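Residue numbers (the working numbering), protein chains in the order written: chain V, 1 to 293; chain G, 1001 to 1293. Just so you know, even glycine gets a beta-carbon here, dropped at the ideal spot from N, CA and C. Only a predicted model underlies this, so the values are computations on that prediction, with no experimental measurement involved. This report concerns only the one structure given below.
This is the structure in structure tokens:
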């Protein structure tokens, strides 16, 4: 092993996140060899050009046979199908981890998929993903970032130790979390804002037909509130489909709160409205205080 | 009139907005005398100290008897009661304008309230109102700002001309708009975001009881989306109560969109979800392109 944390690492999907992982592995001397796998040669060539991978292949099955560690950095909706495809071809002792922003369904399915002697450990690096493509990859993308690892009852301690060692070697802050708790947490902290932003924009779009000055009159709060919709439609579709149960529950809760506000407006309940808005600001400030840094 | 646009101006409510109006009137030599009226001596003394007013009184009725122009710069929920109180004491030819962010109900009620020979013209300066108090007032607060004027069928042309002249003399960009259209426009552009932000925070508040890491894990989109709730609870209560019809309609529409998303999630309609998010982004970009500057 010659001092490397891993001998042969394979990264499946070398966009911004996978490419940054490759660069970090190389620059920090964490892996002897990093191979990229992706759907097209152009993307893989770009990852080669920035030094994120040493070699590449388009062959998903053949590409993983010698891997000690496989990092799945595809869009979240493809993670389970990819793990399902490669599982029979992994060598004994191989560890697979993913970088998806939803964890519960992936953890459950991958636990079922993995063959004896091979291991899956779910992960979610909480880094800004407004960049795309290996050409914007950065070896420091994970530096001081929160990196959630979501072991299950089936997770082997040895595999968990490998993945947490990787995360800490990247300079990230490793945190263990139950996959269900993770998903219910990000459903509110990250996914519900996307749903609300899109809902607001559709209301805006229909209304602007009859309100010609609407686009000119949007306030700062409107811009703030709809920025989430700049994310890719594929990413947002995937979080809806993979985190459906937790997301549906919080959409319902949020609709309930909007109905409560509507009822107070209908009843002209000034005291209730004032308390509702006061409490909202208080919740925001309490949450700000509990943030790291 | 010695070259001034107005001889005696009275500003009722000399916080940041009213104070900025006073400062602009003085610095630009638009008014011979500016008197402030407010509920307490301390606020009025601060407005005197920054030079926003020449004199003040706590007497709402007596304070307006010599006014040529009365500018109501109180919180939006107090505008109609204030106009109702001063109406019998106005001299013939007096013009009253307000600076509230909701216009339809105010325009209708003030048209009814005003006595013969006195005039009401509604206005809404679209300036950032994150500052409070005359001590943060600025003579340039209205410079290049959009300033909506909302005449009705009852508005006298002479009064409308006075108010538009005032607005243009402040360096603002004057725009005429129907009060109902104004309110339906700001219901979406400005008020609905406050409702959604508060609803999201209440969902967050309840959920965080069982999800201890939630406050640490909020994404940028969550912060963006809840910034609107930093506004004062009184302001938000007032826009709910004074713009209730338009706001209720758009809350309903937005809830409908969230239900549509929920249905697509339940049906695992990946194509529909992708189209929904794609369209949302497209609406946002089209709206950005139609913005001034």
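Tell me which residues share the same chain as residue i and place their Cβ nearer than 8 Å to its Cβ, disregarding the 5 neighbours each side in the sequence.
| i | result |
| --- | --- |
| residue 1007 (chain G) | 1001, 1031, 1032, 1033, 1068 |
| residue 133 (chain V) | 15, 16, 19, 43, 46 |
| residue 273 (chain V) | 261, 264, 265 |
| residue 1287 (chain G) | none |
With 16 other CB atoms within 10 Å as the buried threshold, where does residue i fall?
| i | result |
| --- | --- |
| residue 104 (chain V) | buried |
| residue 124 (chain V) | buried |
| residue 1158 (chain G) | exposed |
| residue 176 (chain V) | exposed |
| residue 1252 (chain G) | exposed |
| residue 1184 (chain G) | buried |
| residue 1037 (chain G) | buried |
| residue 1052 (chain G) | buried |
| residue 212 (chain V) | exposed |
| residue 1095 (chain G) | buried |
| residue 1058 (chain G) | exposed |
| residue 40 (chain V) | exposed |
Where DSSP assigns a beta bridge to residue i, which residues make up the other side?
| i | result |
| --- | --- |
| residue 36 (chain V) | V:11, V:56 |
| residue 1031 (chain G) | G:1006 |
| residue 1215 (chain G) | Answer is none; residue 1215 (chain G) lacks a bridge partner. |
| residue 1124 (chain G) | G:1148 |
| residue 1069 (chain G) | G:1009, G:1095 |
| residue 173 (chain V) | V:146 |
| residue 1119 (chain G) | G:1095 |
With a cut-off of 7 Å, does the C-beta of residue i fall near any C-beta of chain G?
| i | result |
| --- | --- |
| residue 124 (chain V) | no |
| residue 174 (chain V) | no |
| residue 281 (chain V) | yes |
| residue 106 (chain V) | no |
| residue 253 (chain V) | yes |
| residue 189 (chain V) | yes |
| residue 8 (chain V) | no |
| residue 16 (chain V) | no |
| residue 99 (chain V) | no |
| residue 48 (chain V) | no |
| residue 143 (chain V) | no |
| residue 205 (chain V) | yes |
For a cutoff of 7 Å on Cβ pairs, would you count residue i as touching chain V?
| i | result |
| --- | --- |
| residue 1095 (chain G) | no |
| residue 1214 (chain G) | yes |
| residue 1162 (chain G) | no |
| residue 1078 (chain G) | no |
| residue 1023 (chain G) | no |
| residue 1224 (chain G) | yes |
| residue 1243 (chain G) | no |
| residue 1127 (chain G) | no |
| residue 1273 (chain G) | yes |
| residue 1102 (chain G) | no |
| residue 1267 (chain G) | no |
Give every residue of the same chain whose Cβ lies closer than 7 Å to the Cβ of residue i, excluding the five residues on either side of it in the sequence, and list them in chain order.
| i | result |
| --- | --- |
| residue 27 (chain V) | 139 |
| residue 1226 (chain G) | 1197, 1200, 1201 |
| residue 64 (chain V) | 10, 70, 86, 89, 90 |
| residue 1278 (chain G) | none |
| residue 1079 (chain G) | 1072, 1098, 1100, 1106 |
Please report the straight-line C-alpha distance between residue i and residue j, rounded to a whole angstrom.
| i | j | result |
| --- | --- | --- |
| residue 1117 (chain G) | residue 1088 (chain G) | 11 Å |
| residue 1029 (chain G) | residue 1004 (chain G) | 6 Å |
| residue 1214 (chain G) | residue 182 (chain V) | 9 Å |
| residue 291 (chain V) | residue 1203 (chain G) | 18 Å |
| residue 1250 (chain G) | residue 205 (chain V) | 12 Å |
| residue 128 (chain V) | residue 155 (chain V) | 28 Å |
| residue 284 (chain V) | residue 1229 (chain G) | 8 Å |
| residue 269 (chain V) | residue 1276 (chain G) | 35 Å |
| residue 1048 (chain G) | residue 1035 (chain G) | 9 Å |
| residue 243 (chain V) | residue 1170 (chain G) | 52 Å |
| residue 151 (chain V) | residue 1189 (chain G) | 44 Å |
| residue 12 (chain V) | residue 61 (chain V) | 11 Å |
| residue 22 (chain V) | residue 121 (chain V) | 18 Å |
| residue 1195 (chain G) | residue 1066 (chain G) | 41 Å |
| residue 280 (chain V) | residue 1232 (chain G) | 11 Å |
| residue 1224 (chain G) | residue 187 (chain V) | 16 Å |
| residue 1112 (chain G) | residue 271 (chain V) | 28 Å |
| residue 1178 (chain G) | residue 1107 (chain G) | 10 Å |
| residue 238 (chain V) | residue 54 (chain V) | 30 Å |
| residue 255 (chain V) | residue 1192 (chain G) | 13 Å |
| residue 135 (chain V) | residue 217 (chain V) | 38 Å |
| residue 76 (chain V) | residue 1221 (chain G) | 19 Å |
At least one CB of chain C closer than 7 Å to the CB of residue i: is that the case?
| i | result |
| --- | --- |
| residue 1287 (chain G) | In the displayed structure, chain C is absent; the protein chains listed are V and G. |
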